[in-house]
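A.B. asks:
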Amino acid sequence: MTSKGSVFNDLPSSYDILQKQCLPNWQAFFSTIIEFIPESIPESVHEKTEGKNERQNQKIEILELGSGTGFFTSLIRKERPDARITCIDRNPEMLAVAKEKPELQKNVTFIEGDILEECEKWKEETGRHEEPGGKEGPEGEGKFDVVVSTQCLCFLPQDAKTRVFRRIYEALKPDGSFIEGDIFRPGSEWKEEIYRAHWKKYMVEQELTVQEAEEMLQTFDDIQEKIDTHKRFRERMEEAGFERIFCPYWYEMYAVFVARR
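Structure, rendered in structure tokens:
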């Protein structure tokens, strides 16, 4: 139960504001993720290779895990207006906020469901691929050009992460990308102490009270055992089948990883 002055009171309606108040350098964080989402190519553009032409003429298919109120979905829509986006979140109140946003009324599919449960539907025992929403893709090939998640998968239990990452790999088209923007453990206590102090200072400067900033830090403490270091995250990606993995953004506790199928 949250206190009367808790930062988590009425979370769905305040979530978009909290994103900016609680995430240092949030513009750089989210813009880096979008930078690695390919743009749709006009049909007037032709390539010599027939396969490339067919692929580029299609609208980009994006799967967003833990989409919440659609804060990041809206940023994607602004920069990739022709993309088709499938959003999964388990919180109906957060999804209700997203569904009301004018920019998300077209080419966006919302699915209410738990990521752990949904990911098990992506692979039938027959070996055929079942996509979110019950759609099947070609055997051995996923439907999505990009699977993206921000500040969500860090909450998954350790033993579930590799399984989920494998399902993400299977949900991607060849050369598709999994982009994960999240919080990571520094790997040493002295670094963490410095980063936490910077993080708290930022939140207070963004007009959170000291109590609210400490609540956010407590949330990190509560899930700390679930949070990966950069090294462990890379290992999980490799275990899932990804080989091309890189980190284009890293600022203290937060980083963006891109893994290509």
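If you read the sequence shown in the working numbering, its first letter stands for residue 436, the second for the next number, and so on.
Don't be surprised by glycine CBs; every beta carbon is placed ideally from N, CA and C.
(1) For G622, does the count of other Cβ atoms within 10 angstroms reach 16, so buried, or fall short, so exposed?
(2) Tell me, to the nearest whole angstrom, how far the beta carbon of A675 is from that of F600; I am working on the premise that it is less than 8 Å.
(3) Would you check if there are 3 or more beta carbon pairs closer than 8 Å linking the segment 653–669 to the segment 491–507?
(4) Kindly confirm or deny that the segment 633–642 and the segment 456–467 touch, where touching means at least three C-beta pairs closer than 8 Å.
(5) What does a CB cutoff of less than 7 Å around L530 pick up in its chain, not counting 5 residues either side in sequence?
(6) Is it buried or exposed for E628, if we count other Cβ within 10 angstroms and need 16 for buried?
(7) Quick one: residues in its chain with C-beta nearer than 7 Å to the C-beta of K635, no 5 flanking neighbours on either side, listed in chain order?
(8) Leaving aside the five residues before and after V583 along the sequence, list all residues of the same chain whose C-beta is less than 6 Å from its C-beta, in chain order.
(9) In the DSSP output, what is F692 paired with across the bridge?
(10) For F465, count neighbouring C-beta atoms within 10 Å of its own C-beta (all shown protein chains included) and say buried if the count is 16 or more, exposed if not.
(11) Which residues does DSSP pair with I468 in a beta bridge?
(12) Only counting runs of 3 or more residues, tell me where the beta strand (DSSP E) segments fall wholly within the segment 637–692, in order along the chain.
(13) Do you know how far the Cα of E660 is from the Cα of G572?
(14) So who's on the other strand from L500, going by DSSP bridges?
(15) If you draw a straight line from the alpha carbon of Y427 to that of T467, how long is it in whole angstroms?
(16) Which of the three DSSP states is assigned to E624 in this structure?
(17) Straight-line CA distance for T521 to E687?
(18) Using the DSSP secondary-structure output, state which residues sit across from Q543 in a beta bridge.
(19) Spatial neighbours of E470 within its chain, please: CB distance less than 6 Å, with the 5 preceding and 5 following residues excluded, ordered by chain position.
(20) Is I680 near R669, with beta carbons less than 7 Å apart?
(21) For S584 and chain B, any beta-carbon pair shorter than 7 Å?
(22) Could you name the residues of the same chain whose beta carbon sits closer than 6 Å to that of F528, not counting the 5 residues immediately before and after it, in chain order?
(23) Under three-state DSSP, which class holds P473?
(24) Does K608 come out as helix, strand or coil in the three-state DSSP assignment?
(25) Quick one: residues in its chain with C-beta nearer than 7 Å to the C-beta of P592, no 5 flanking neighbours on either side, listed in chain order?
(26) Can you grab the Cα-Cα spacing for the pair Q540 / K513, in whole Å?
C.D. replies: Looking at the coordinates:
(1) exposed
(2) That pair is a contact at about 4 Å.
(3) no
(4) In short, these stretches touch, since the Cβ pair count reaches three.
(5) D524, F545, E547
(6) exposed
(7) A648, L652
(8) E499, I614
(9) In the DSSP output, where bridge partners are listed per residue, F692 has E615.
(10) Here F465 is buried: its Cβ has 16 or more other Cβ atoms, across all protein chains shown, within 10 Å.
(11) None; I468 has no bridge partner.
(12) Counting whole runs of 3 or more residues, the segment 637–692 contains the beta strand (DSSP E) stretches 679–686.
(13) Because the pLDDT of G572 is 49, which lies under 50, any placement of that residue in the model is unreliable, and the number read from its coordinates should be weighed accordingly. Looking at the two C-alpha atoms, the distance is approximately 35 Å.
(14) I523, S584
(15) Beyond the ends of the chain as shown, which are 436 and 696, falls residue 427; an answer cannot be given.
(16) helix
(17) 30 Å
(18) The amino acid occupying residue 543 in the given sequence is Val; Gln does not appear at that position. Per DSSP, I520.
(19) none
(20) yes
(21) No chain B is present in this structure, which holds just one protein chain.
(22) Contrary to the premise, residue 528 reads as Glu rather than Phe in this sequence. These residues qualify, in order along the chain: P447.
(23) P473: coil per DSSP, three-state reduction.
(24) strand
(25) K661
(26) 13 Å
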